[in-house]
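Q: Be aware that the sequence shown starts at 0, since it is given in numbering that gives the first Met the number 0, and climbs by one per residue. Heads up, the beta-carbon is just placed ideally off N, CA and C, and yes, glycines get one too. A quick note: this is a predicted structure, and the numbers were derived from the prediction, not measured.
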Amino acid sequence: MAPQADLMIGKVLSNAGSGDSAGIIQAMEWAVLTGVNVMSMSFGGGGFEQPFQDMIDASWNAGVVMVAAAGNAASAGEFYPAWYGNIISVGAVDSGANLAGFSNTGPRISVVAPGVSVLSTTPTPAVATVSWSGVNRSAAAMSGSATGTVTATAVFCGVGGAASDFPAAVSGQVAHIRRGGLDSGGNRFTFIAKAQNALAAGAVGVVISNDAGGVFSGNLNASVGVPVLAISQTDGDTLQAADGVAITVGNVLGAPGGGYGNKSGTSMACPHVAGVAGLLIGEFRSRGVTPAQVRLAMEQSANDMGAAGRDDLFGYGLVNARAARAFLDALLPPTCTADLAGGPLRPDGSARADGVVDGSDFVAFINAFAAAQPLAGLDGDGVVDGSDFVMFINAFGAGC
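Now the structure itself:
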């Protein structure tokens, strides 16, 4: 959307996609101090937090346009950070300009943008490895697993639902845990509970074998500090029979780089709008554009969709970069852009304080020139002289 923009990447979530607001706020502060113009936030979760709102307000007041994904729960309920004030909340549409079925809606939606089957960069996946007795077994890394490889002794720990399932011998070794098991309330033990119990017992790796069927994929819903991998029921039976065997467990990142894949979500729509904001700032920075004006331009120039005017499904409509540019061009007063020693006479574009370069400025310059006062000089030499006069005439003739 803004191919000449510089990107500043702030990693605020773990590889499993989780994090806390304190880390996000810290990154936002870093971005503002480093000079960012737009923040694109394709994440969400949690409720309202005043420190988060305060950081958004401070960023907005510092001249930063704030853009956030509206969320993918097909809900009109509160979703943060998209529901905070001073945020441009972005919903998603498909290539036919239909509202995406997953897109959140509601009174905070500002605009919509493409968010279905958007060609996106994808990371090189990690390679999961489990081997013992010289045989490599089929395995899958749990989402949230740490990367790395460990070789130790396999220690069977039952279903791993309680601390008592883990013998003292598992400390410094790899815990082998069976999938399944019920707690006292009749609920299945979660993967993260099993992994956390293993970590508490001192395990340096975790293998969870299926209780029925082949290799499975699982989500820990959190990040853990050791590799956690899944294997099939058959391999689990073999490993349990060979309890105490040396085992290698690995979750190794692939080669640097990655590829491309079609991804869907308001996380794809959000950077479309952030990119348009970047284009507008690049075009109108010299004319003093503010975040509020950028937002106003995108909302008022959007292609209206759904009910006439703003509605809770599409907001103001589909973002339109060209129309937003035209809106700002009409909204903002022109400034002097002639090359006067690298810039206009004053930040407000005038030689005097009235904000306009006109005949009164010309008279003021002639008077200064005639008086031969040692003023700053347009060309930076500290003296108002003939070279400054030529520069001023050129600027005046150019319409500045």
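(1) What are the uninterrupted segments assigned as alpha helix (DSSP H) that are 4 or more residues long and contained completely in the segment 48-123, given in chain order?
(2) If you measure between the beta carbons of Val-288 and Val-318, is that distance less than 8 angstroms?
(3) Name the DSSP bridge partner or partners of Asn-135?
(4) Might you give, ordered along the chain, the residues of its own chain that have their beta carbon closer than 6 angstroms to the beta carbon of Gly-105, omitting 5 neighbours on each side?
(5) Could you check whether Met-65 and Met-38 sit closer than 8 angstroms to each other, using their CB atoms as the reference points?
(6) Return the first residue and the last residue of the beta strand (DSSP E) that Thr-148 is part of.
(7) Could you spell out where the alpha helix (DSSP H) holding Met-27 opens and where it closes?
(8) Would you call Lys-193 buried or exposed, if buried means 16 or more other Cβ atoms sit within 10 Å of its Cβ?
(9) Tell me the DSSP secondary structure of Lys-10 in three-state form.
(10) With DSSP as the reference, label Ser-263 as helix, strand or coil.
(11) If you measure between the beta carbons of Val-244 and Ser-130, is that distance less than 8 angstroms?
(12) Can you give me the C-alpha to C-alpha distance between Ile-191 and Ala-167, rounded to a whole angstrom?
(13) Check whether the Cβ atoms of Val-223 and Gly-204 sit closer than 8 angstroms, and answer yes or no.
(14) Which whole-angstrom value describes the C-beta separation of Ala-138 and Val-214, a residue pair presumed to lie in contact below a C-beta threshold of 8 angstroms?
(15) Does the distance from the CB of Asp-234 to the CB of Ser-216 come in under 8 angstroms?
(16) Since Ile-207 sits in a beta bridge, which residues does DSSP pair it with?
(17) Short of 7 angstroms in beta carbon distance, which residues of its chain neighbour Leu-12, apart from the five on each side in sequence? Order them along the chain.
(18) For the beta strand (DSSP E) that contains Met-40, what are its first and last residues?
(19) In whole angstroms, what separates the C-alpha of Val-92 from that of Tyr-259?
A: This is what the structure gives:
(1) 49-60
(2) Here residue 288 refers to the residue found at position 289 when the sequence shown is read from its first residue. Here residue 318 refers to the residue found at position 319 when the sequence shown is read from its first residue. Their beta carbons are not under 8 angstroms apart, which means Val-288 does not touch Val-318 by this criterion.
(3) Numbered from 1 along the sequence shown, position 136 holds the residue referred to as residue 135. Ser-130.
(4) As a first step, residue 105 must be located in the sequence shown, where it is residue number 106. For Gly-105, where only same-chain residues beyond five positions count, the Cβ hits under 6 angstroms are Ala-75, Asp-311.
(5) By 1-based counting over the sequence shown, the position of residue 38 is 39. By 1-based counting over the sequence shown, the position of residue 65 is 66. Going by C-beta atoms, Met-38 is nearer than 8 angstroms to Met-65.
(6) Locating residue 148 in the sequence shown gives position 149, counting from the first residue. 147-155 is the extent of the beta strand (DSSP E) around Thr-148.
(7) Translated into positions along the sequence shown, residue 27 becomes position 28. Residues 20-33.
(8) Locating residue 193 in the sequence shown gives position 194, where the first residue counts as 1. Per the 10 Å Cβ criterion, buried.
(9) Translated into the one-based positions of the sequence shown, residue 10 becomes position 11. Looking at Lys-10 - three-state DSSP - the assignment turns out to be coil, as it is neither helix nor strand.
(10) Counting from 1 along the sequence shown, the entry for residue 263 is found at position 264. Three-state result, Ser-263: coil.
(11) Looking up residue 244 in the sequence shown gives position 245. Looking up residue 130 in the sequence shown gives position 131. No, the pair does not count as a contact, with Cβ atoms beyond the cut-off.
(12) If you number the sequence shown from 1, residue 191 lands on position 192. If you number the sequence shown from 1, residue 167 lands on position 168. So the alpha carbons of these two residues sit roughly 20 angstroms apart.
(13) To locate residue 223, count along the sequence shown from 1; it is residue 224. To locate residue 204, count along the sequence shown from 1; it is residue 205. It is not a contact, given that the beta carbons lie outside the stated cut-off.
(14) Residue numbering aside, residue 138 sits at position 139 when the sequence shown is read from its first letter. Residue numbering aside, residue 214 sits at position 215 when the sequence shown is read from its first letter. Contact flag correct, Cβ pair sits at about 6 angstroms.
(15) As a first step, residue 234 must be located in the sequence shown, where it is residue number 235. As a first step, residue 216 must be located in the sequence shown, where it is residue number 217. No, the pair does not count as a contact, with Cβ atoms beyond the cut-off.
(16) On the sequence shown, residue 207 is found 208 positions in, with the first residue counted as 1. The partner list for Ile-207 (beta bridge, DSSP) reads Ile-176, Ala-229.
(17) Stepping through the sequence shown from its first residue, residue 12 is reached at position 13. Answer for Leu-12: Gly-18, Phe-42, listed in chain order.
(18) For the purposes of this step, residue 40 is taken as the residue at position 41 of the sequence shown. Unbroken beta strand (DSSP E) run through Met-40: 37-40.
(19) The sequence position of residue 92 within the sequence shown is 93, counting from 1. The sequence position of residue 259 within the sequence shown is 260, counting from 1. When rounded, the distance between both Cα atoms is 20 angstroms.
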